[in-house]
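>
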């Protein structure tokens, strides 16, 4: 369940930078319903992004920086800046909506 090719944050950041793609970071808690809903919605979404997964920890530096207060969040980042610039934070939504947001993020990082 969920997207394929999920990597560590460091590996995904390097891959996204090299491919000029957005970095999509999944902030999940193992037994949280919102985390499962987001993974289920992303199962069939094929998008030009590099995927990373982080465990949700409310007091982590990443959660504070991206203002994430609950698990089941998808953080889209532009890896071309240092540190990566926040594009958008998504919650569990319909796959079509997630596909559109991921495509918009890809255009923001690598304009046509």
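In our numbering, the protein residues as written are 60 to 171. Virtual Cβ for every residue (Gly too), placed ideally from N, Cα, C.
1) Do the CB positions of residue 134 and residue 168 come within less than 8 Å of each other?
2) When the Cα atoms are used, what is the spatial distance from residue 62 to residue 147?
3) Among 95, 131, 81, whose alpha-carbon lies nearest the alpha-carbon of residue 117?
4) Please list, in chain order, all residues of the same chain as residue 113 whose beta carbon is under 8 Å from its beta carbon, the five residues on each side excluded.
5) Whole-angstrom Cβ separation of residue 51 and residue 75, contact assumed at under 8 Å?
6) If we ignore side chains and look at the alpha-carbon of each, how far apart do residue 73 and residue 127 end up?
7) Measure the C-alpha to C-alpha separation of residue 64 and residue 71 and round it to an integer number of angstroms.
8) Between residue 164 and the rest of its own chain, which residues show a CB-CB distance below 6 Å, the 5 nearest in sequence each way excluded?
Concretely, from the data shown:
1) Contact flag unset, no.
2) A straight-line Cα-Cα distance of about 18 Å links residue 62 and residue 147.
3) Residue 131 is the option with its Cα nearest to residue 117.
4) These residues qualify, in order along the chain: 68, 84, 85, 86, 87, 119, 121.
5) In the structure as shown, the chain begins at 60 and stops at 171. Residue 51 is therefore absent and cannot be evaluated.
6) Going from the Cα of residue 73 to the Cα of residue 127 covers about 23 Å.
7) Computed Cα separation, rounded: 9 Å.
8) Once the five neighbours on either side are set aside, the close Cβ partners of residue 164 are 81, 135, 146.
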